[in-house]
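Asker: In our numbering, the protein residues as written are 1106 to 1401. Note that CB positions come from ideal geometry on N, CA and C, so glycine has one too. Note that this is a predicted model, so its numbers are computed, not measured.
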């Protein structure tokens, strides 16, 4: 027969067995030298120690007094006068030190800005009357006098032509890479060109004057009889095309007296590979006026 176990008795045995194994540690009195186990958990001392508390050891330490013997001082030595007089006090003369002068380098003023007109656009021809001592005047005069040494020069003007004409001439020079030749071009003038000598800023006339037209717009093919532009490498060759006392128009206009014996001739830069003494071209961009010579 199988042995039957009572579940309740089994649990009870396990509980009591565990109770024997795990024993609670009883509280011990916290008084020094007492090991009674009658102290409860709330109390830290046992009943006997609470009723008769143990004596508390006196930890007070009285101060210790140290007695030192007196030191005898010989007053005669202390009160004795010194046999050697003390040295005189040292007098220090204060020296005034002057700090070295501070040299301040002056800041140089900023350089003045110079206006550059290289990118300026010229819309209307600018005429500049050259002085007789100007290198450009001497150069133009020498070229002119090679052919006409006996004529009287009234004035030589440097021409700053409009920007679009100069650009067209430069493009033509780059395109063809021809030599740059100095040439002459004589033309008629009906408005009294000597007025520019006294007033270089005088207005150009609008009466079909060859000198004023070329000075403003350069050499134009439409004013040529054969549709060509004519130039010469010598001023004497171009002299036949000048006015020579041209009197086609008389009167008095806003620019002065019309009709004059003064002549005008242009010194021109040509881009051409043709031989001289006469150059016949069909391109306006190949020529650009550089100087205007007014002479008699």
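Please classify residue 1382: does DSSP put it in a helix, a strand, or coil?
Answerer: The sequence position of residue 1382 within the chain shown is 277, counting from 1. Coil, per DSSP.
Asker: Along the chain, where does the alpha helix (DSSP H) that runs through residue 1392 open and close?
Answerer: To locate residue 1392, count along the chain shown from 1; it is residue 287. Note, residue 1392: premise wrong, no alpha helix (DSSP H); beta strand (DSSP E) at 1392-1400.
Asker: If you check the beta carbons only, do residue 1336 and residue 1375 fall under 8 Å apart?
Answerer: The count along the chain shown starts at 1 and reaches residue 1336 at position 231. The count along the chain shown starts at 1 and reaches residue 1375 at position 270. Yes, the Cβ-Cβ distance between residue 1336 and residue 1375 is below 8 Å.
Asker: On the CB-based measure, 16 or more other CB atoms within 10 Å of its CB, does residue 1170 come out buried or exposed?
Answerer: The residue labelled residue 1170 in the question sits at position 65 within the chain shown. Burial call: exposed.
Asker: In terms of residue numbering, what span does the beta strand (DSSP E) encompassing residue 1287 cover?
Answerer: The residue you call residue 1287 lines up with position 182 of the chain shown. From DSSP, the beta strand (DSSP E) with residue 1287 extends over 1285-1292.
Asker: If we ignore side chains and look at the alpha-carbon of each, how far apart do residue 1205 and residue 1214 end up?
Answerer: The residue labelled residue 1205 in the question sits at position 100 within the chain shown. The residue labelled residue 1214 in the question sits at position 109 within the chain shown. Near 27 Å, if we compare the C-alpha coordinates of residue 1214 and residue 1205.
Asker: Please determine, among 1315, 1261, 1381 and 1398, the residue with the shortest C-alpha to C-alpha distance to residue 1235.
Answerer: On the chain shown, position 130 is the one that residue 1235 refers to. It is 1261.
Asker: Terminal residues of the continuous beta strand (DSSP E) containing residue 1373?
Answerer: In the chain shown, counting from the first residue as 1, residue 1373 sits at position 268. Note, residue 1373: beta strand (DSSP E), 1368-1376.
Asker: Hey, out of 1306, 1378 and 1295, whose CA is closest to residue 1286's CA?
Answerer: Numbered from its first residue, the chain shown carries residue 1286 at position 181. When each option's Cα is compared against that of residue 1286, the closest is 1378.
Asker: Identify whether residue 1227 lies in helix, strand or coil by the three-state DSSP scheme.
Answerer: Numbered from its first residue, the chain shown carries residue 1227 at position 122. Residue state, collapsed to three classes: coil.
Asker: For the structure I just gave you, are there three or more beta carbon pairs, one from the stretch 1307-1320 and one from the stretch 1272-1287, closer than 8 Å?
Answerer: The stretch 1307-1320, when compared against the stretch 1272-1287, does not touch it at the 8 Å Cβ threshold.
Asker: How is residue 1208 classed by DSSP in three states: helix, strand or coil?
Answerer: For the purposes of this step, residue 1208 is taken as residue 103 along the chain shown, with counting starting at 1. Note: residue 1208 maps to coil in three-state DSSP.
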